[in-house]
Amino acid sequence: MTIAPESAATESGRTGTARHFLMCRPEFFTVSYSINPWMRPEKGADAATALRQWESLRQAYESLGHRVSLIDPVEGLPDMVFAANGALVVDGRVYGARFAHPERAAEGPAYLRWFVEQGYETLEASFTNEGEGDYLTLDEMILAGTGFRTDVAAHMEAQEFLGRPVVTLRLVDPRYYHLDTALFPLDGRNVAYYPEAFSEGSRRVLRRLFPDAVVATSADAEVLGLNAVSDGRNVVVNAEATGLVLELKRRGFEVVPVDLSELRKAGGGPKCCTLEIRTGEIRVSGEIR
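So this is what it looks like as structure tokens:
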């Protein structure tokens with residue numbers, strides 16, 4: 012028997028679907044090296060503040076009815092908190108991450124091991140890719156970023172393994188080194204994005220695919236406002252992205268602002284901390300079936 016996922020409608024008619032997320036507590040979070048323009052080791056970061064902000068994010072998800080699973084953090088891997096980079100999960104199949112920088116190399120096997128232990132079908136990647144950092148899944152396609160962290164060859168490998176069409180988008184601004192720093196799905200059919208993060212050809216692709224997209228300003232992008240998570244109704248977004256927040260509300264979304272300013276010192280926001288587990292599981296009366 013097929014049962015529609017639990018959803019709730021706003022007055023605008025938008026519905027949100029309960030999701031399953033994997034997260035990692037930032038117990039060992041620090042900024043001790045620099046692999047993107049956001050990271051300033053000389054300024055450091057406060058682990059206690061990062062943990063408090065991360066807990067608020069987890070609580071926000073749970074208050075919206077989403078299920079949150081946890082992977083144990085590993086000492087010496089301060090960026091493991093950015094769970095989105097750990098894998099791509101579609102239809103219960105897990106495409107593993109292979110990190111571009113040696114500082115994060117051990118994260119890929121750690122995340123893949125968690126999924127193996129949970130009984131998922133997995134593939135260890137042959138090509139460099141950083142999971143949902145550069146793969147964003149919609150109803151009919153997967154948008155895939157390249158230019159800084161993920162090889163185009165990994166796009167093809169993911170497509171073969173997952174059986175979903177993959178659309179390549181080229182990133183050109185090093186501040187937006189992952190696709191999820193410059194674009195997020197509003198629902199299964201539309202997105203919000205910052206055009207200047209993309210090559211001219213990729214901008215044309217985005218305009219063609221998503222003529223009604225939310226187009227963000229530089230001010231919103233510069234506070235990682237596009238590193239957001241939407242369930243189709245509720246959007247969890249960095250509070251400082253005030254223009255984006257207003258536009259989302261105008262379009263009928265419920266906005267859940269959060270403060271992840273400490274984690275942003277490493278280039279992360281709500282989405283970076285959140286790996287979605289897409290398995291076709293069905294939530295009925297609050298339980299996974």
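Offset between the sequence shown (1-based) and the working numbering: plus 11.
Beta carbons: idealized from backbone N, C-alpha and C, even for Gly.
Counted within 10 angstroms of its Cβ, other Cβ atoms place residue i as buried (16 or more) or exposed
{"i": "S241", "result": "buried"}
{"i": "A116", "result": "exposed"}
{"i": "D57", "result": "exposed"}
{"i": "S296", "result": "Confidence in S296 is poor, its pLDDT being 29 and thus under 50, which makes the residue's placement too unreliable to answer from."}
{"i": "K54", "result": "exposed"}
{"i": "L81", "result": "exposed"}
{"i": "Q70", "result": "exposed"}
{"i": "E22", "result": "In this prediction, E22 has a pLDDT of 45, which is less than 50 and means its spatial position is unreliable; nothing more can be read from the coordinates."}
{"i": "L286", "result": "buried"}
{"i": "G27", "result": "buried"}
{"i": "L257", "result": "exposed"}
{"i": "R30", "result": "buried"}
{"i": "A136", "result": "buried"}
{"i": "P124", "result": "Correcting the residue type first, residue 124 is Arg in the shown sequence and not Pro. Under this definition R124 is an exposed residue."}
{"i": "R244", "result": "buried"}
Beta-carbon gap between residue i and residue j smaller than 9 Å
{"i": "G126", "j": "V105", "result": "A small fix is needed here, since residue 126 is Phe in this sequence, not Gly. Their beta carbons are under 9 Å apart, which means F126 touches V105 by this criterion."}
{"i": "Y122", "j": "A155", "result": "no"}
{"i": "R181", "j": "G144", "result": "no"}
{"i": "A227", "j": "A252", "result": "yes"}
{"i": "P281", "j": "L68", "result": "yes"}
{"i": "P48", "j": "R186", "result": "yes"}
{"i": "E151", "j": "G107", "result": "no"}
{"i": "L217", "j": "R262", "result": "no"}
Of the residues the options, the one placed nearest residue i, counting alpha carbons only
{"i": "H189", "options": "T26, T60, A277", "result": "A277"}
{"i": "V177", "options": "Y187, G119, H166", "result": "H166"}
{"i": "D102", "options": "Y131, F93, A108", "result": "Y131"}
{"i": "I46", "options": "R30, L274, P113", "result": "P113"}
{"i": "F93", "options": "L274, I288, T290", "result": "L274"}
{"i": "C35", "options": "P196, P89, N245, F264", "result": "P89"}
{"i": "L235", "options": "L259, H31, S272", "result": "S272"}
{"i": "F110", "options": "W65, E128, V183, D162", "result": "D162"}
Check: residue i C-beta below 8 Å from any heavy atom of the ligand COA
{"i": "Y131", "result": "No copy of the ligand COA occurs in the structure displayed, which carries no ligand at all."}
The stretch 166-176 contacting the stretch 189-199, beta-carbon criterion three pairs below 8 Å
No, the stretch 166-176 does not touch the stretch 189-199.
Quick check: the stretch 225-236 against the stretch 201-210, are at least 3 beta-carbon pairs closer than 8 Å?
With the cut-off at 8 Å, the stretch 201-210 and the stretch 225-236 touch.
Every unbroken beta strand (DSSP E) within the stretch 25-81, with a cutoff of 3 residues, ordered by chain:
You should have 26-28, 31-34, 78-81.
Entirely enclosed beta strand (DSSP E) segments - the stretch 164-217, minimum 3 residues:
Fully enclosed beta strand (DSSP E) runs of 3 or longer: 177-181, 194-196, 202-204.
Jot down the residue ranges of each uninterrupted beta strand (DSSP E) in the stretch 86-148, minimum 3 residues, whole runs only, in chain order.
Counting whole runs of 3 or more residues, the stretch 86-148 contains the beta strand (DSSP E) stretches 98-101, 104-107, 132-134, 146-148.
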